[in-house]
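Listed in order, the protein sequences are those of chains A and B.
For the first sequence, numbering that gives the first Met the number 0 assigns the number 0 to the initial residue and increments by one for each residue that follows.
For the second sequence, numbering that gives the first Met the number 0 assigns the number 0 to the initial residue and increments by one for each residue that follows.
Positions of the beta carbon are idealized from the N, C-alpha and C atoms, including for glycine.
Values in this document were obtained by computation on a predicted structure and should not be read as measured data.
Protein chains: 2
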Amino acid sequence: MLHDEVVNRIRAILLDGEIPPGARIPERELCERLEISRTPLREALKVLAAEGLVQLLPHRGSRAAKLTDKDMRDLFEVCQGLEALAGELACERISDAEIDAIAAAHADMVQHYRERDLIQYYRGNRAIHEAIVTAAGNPVLAGLYASVTARIRRARYVTPMTAQRWALAVKEHEAILNALQRRDGVGLSHILRAHLRHKREEVLQAGFAETEGSEPTLRIA
Amino acid sequence: MLHDEVVNRIRAILLDGEIPPGARIPERELCERLEISRTPLREALKVLAAEGLVQLLPHRGSRAAKLTDKDMRDLFEVCQGLEALAGELACERISDAEIDAIAAAHADMVQHYRERDLIQYYRGNRAIHEAIVTAAGNPVLAGLYASVTARIRRARYVTPMTAQRWALAVKEHEAILNALQRRDGVGLSHILRAHLRHKREEVLQAGFAETEGSEPTLRIA
DNA sequence: AAGTTCGATTTTGCATTCAAATTGAGCTCA
DNA sequence: TGAGCTCAATTTGAATGCAAAATCGAACTT
Chain A
0 MLHDEVVNRI RAILLDGEIP PGARIPEREL CERLEISRTP LREALKVLAA EGLVQLLPHR
60 GSRAAKLTDK DMRDLFEVCQ GLEALAGELA CERISDAEID AIAAAHADMV QHYRERDLIQ
120 YYRGNRAIHE AIVTAAGNPV LAGLYASVTA RIRRARYVTP MTAQRWALAV KEHEAILNAL
180 QRRDGVGLSH ILRAHLRHKR EEVLQAGFAE TEGSEPTLRI A
Chain B
0 MLHDEVVNRI RAILLDGEIP PGARIPEREL CERLEISRTP LREALKVLAA EGLVQLLPHR
60 GSRAAKLTDK DMRDLFEVCQ GLEALAGELA CERISDAEID AIAAAHADMV QHYRERDLIQ
120 YYRGNRAIHE AIVTAAGNPV LAGLYASVTA RIRRARYVTP MTAQRWALAV KEHEAILNAL
180 QRRDGVGLSH ILRAHLRHKR EEVLQAGFAE TEGSEPTLRI A
C-alpha cells in the first residue's frame with residue numbers, strides 16, 4: 000500500500016468518526032487492519048498531526064484531535080475566507096460547462112430539499128461547494144480548503160437544521176448559483192461568507208464542539 | 000531531539016536554500032548531521048512533503064520541491080486571500096498596544112528604506128505582515144499563512160526591487176498602517192491585496208520560478 | 001564510436017528489534 | 001478504607017536489519 004493511501008485510509012477512519020474525537024488511536028490494531036507495520040503507520044500519523052486531525056502526545060501516543068468551540072470558530076472563519084476567495088476566482092475562470100454542471104447539481108440538491116432528504120441534500124451541497132473551489136483553478140487553494148473542511152466536515156454536514164434554517168440555506172444557494180451565472184465574483188464571495196457564517200452559528204449553537212464528554216453519534220452516510 | 004524540532008531544522012535547511020530546489024535530499028548525510036537515524040528523518044520528510052516543501056518520488060527518494068510559475072502565482076493568490084482575511088480580522092480584534100508595536104516596526108522599516116538596507120527592510124517588512132496575521136487572533140489562519148509564506152519566502156524576500164517599486168511598497172505600507180490605526184478592515188484588506196499583487200508581479204517578472212535551467216525534467220519513453 | 005544490456009552497488013521502504021517511558025495492578029502502611 | 005509506593009507489563013520512539021527497486025558502470029554489439 001502506498002504512503003498516501005495509508006494517510007487517506009486513516010483520514011477516512013477519523014472523518015467517519017470510527018475513532019471518535021479524543022479517543023486514543025490504537026497503533027497495533029490499525030496496523031493489523033491495514034496490514035502494515037508500525038513504521039508507515041506512524042509516518043501517516045505524523046502527517047495527519049501536521050494537518051490537525053491527530054494530536055500527538057509525547058510518549059503517550061496519538062489521539063483523534065478534539066475541536067474546542069474556539070477551534071471550530073477559527074476553522075469556519077478561515078473556511079469563509081477560502082471559499083470567498085475561491086468564489087471570486089471561480090467567477091473569473093469558470094467555463095459555461097462548469098456552470099451548467101453546478102446548476103444541475105443545484106437542481107438536484109433542491110430536489111433533495113423538497114424530499115427532506117438531509118443526507119442527500121448535504122451530499123449535493125458539498126459537491127457544489129467543492130465544484131466552486133475546483134473552478135477557481137488553484138490547486139494550492141483547493142488543498143488548503145480540503146484540509147480545513149476535513150476538520151469541520153462532521154460539524155458542517157451532520158448538524159441537523161431547523162426547517163427555517165434549511166429554507167434559508169437553500170435560498171442562499173440560489174443566490175450563489177445566480178452570482179456564479181452572472182460571474183459576479185464580489186457578490187458571490189459575499190454570499191458565500193454569509194452562508195458560511197450562518198452555518199457556523201448553527202453549528203456552534205448546536206453545541207457541536209467536541210470537548211465535552213458525550214459525543215455526537217451521527218455519522219456521515 | 001523532538002520530532003517537531005527535526006521538521007523545523009530540515010525546513011530551515013530548505014528555506015535557506017542550503018538544499019536548493021530540485022536537488023536530491025541526501026538521507027544518510029542529513030541523518031549524520033542531525034544525529035538521528037533514518038526513521039525520524041523520514042517521518043519529517045513525509046510531513047514536509049505534505050506541506051509542499053518536499054517532493055517524494057516513489058523508490059527514487061525525496062527532492063526539495065521546485066516551484067513553477069503557476070505554483071508561484073497560486074501561492075501568491077492564496078497568500079493574498081489569507082492576508083486580506085487576517086487584515087479584516089485584525090481590525091476587529093487588535094489592541095492599541097499591538098497597533099503601537101506595528102507602528103514602531105513600520106517606522107523602523109522606513110528607516111531601513113531610507114538607508115537602502117534591503118535585508119533589514121525585508122526583515123522589518125516580514126515582521127509587520129506577521130504581526131497583522133497574529134493580531135487576527137486565529138491560530139488556524141496563522142498556521143496556514145506560515146505554511147504558504149514559507150514556500151514563497153525566498154521569492155518574496157529576496158527579489159531585488161527597482162527604486163520605483165520599492166518606493167511604492169513603502170507607500171503601500173503607510174496605507175496599511177493607516178488603515179490599521181483607523182481599524183478599517185475592508186480598506187486594509189484591499190490594500191494588502193494590492194500590495195501582494197504588486198509583489199507577485201515583481202517576483203514573476205524577475206523570473207524567480209524555480210523550474211528553468213539547472214534540472215532537466217524526467218522524460219519517459 | 002554510440003548505444004544497449006547485464007550485473008554489482010547503492011538506495012529506498014518496511015519489518016523487526018531494542019531501550020526508555022508510561023501505565024496499572026498489587027502491596028504497604030497510616 | 002484508602003492514599004501512596006513498587007515493580008512488572010505494556011506501549012512508545014528510535015535504531016537496525018532485510019528485501020525490493022533503482023542507479024551506475026563495464027562489457028558487448030552494431
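For A134(A), the uninterrupted alpha helix (DSSP H) segment begins and ends at 117 to 134. At a cut-off of 7 Å, the C-beta of N137(A) has a neighbouring C-beta in chain B. Looking at the DSSP output, V53(B) shares a beta bridge with A63(B).
For E17(B), no Cβ of chain A is located within less than 7 Å of the residue's own Cβ.
At a cut-off of 7 Å between beta-carbon atoms, L66(B) makes no contact with chain A. Think of a sphere of 7 Å around the beta carbon of D183(A): no beta carbon from chain B falls inside it, the nearest being about 18 Å out.
Assignment of R23(A) by DSSP, reduced to helix, strand and coil, places it in the strand class.
Contact check for A22(A) against A64(A) fails: the beta carbons are separated by 7 Å or more. Closer than 7 Å to the CB of K45(A) there is at least one CB belonging to chain B.
The Cβ neighbour count for R27(B), taken over all protein chains shown within 10 Å, is under 16; the residue is labelled exposed. A145(B) has a beta carbon lying at 7 Å or more from every beta carbon in chain A. Counting along the chain, the unbroken alpha helix (DSSP H) around N177(B) starts and ends at 162 to 180.
If you ignore the 5 residues before and after E91(B), its C-beta comes within less than 7 Å of the C-beta of G184, all in its own chain and listed in chain order. Annotation for N124(B): M108 place their beta carbon closer than 7 Å to its own, counting only its chain and skipping 5 residues before and after.
In the three-state scheme derived from DSSP, where H, G and I count as helix and E and B as strand, A141(A) is classed as helix.
DSSP places M0(B) outside both helix and strand once states are collapsed to three, so it counts as coil. The region 189 to 197 of chain B makes contact with the region 79 to 96 of chain B; the number of CB pairs closer than 8 Å reaches 3 or more.
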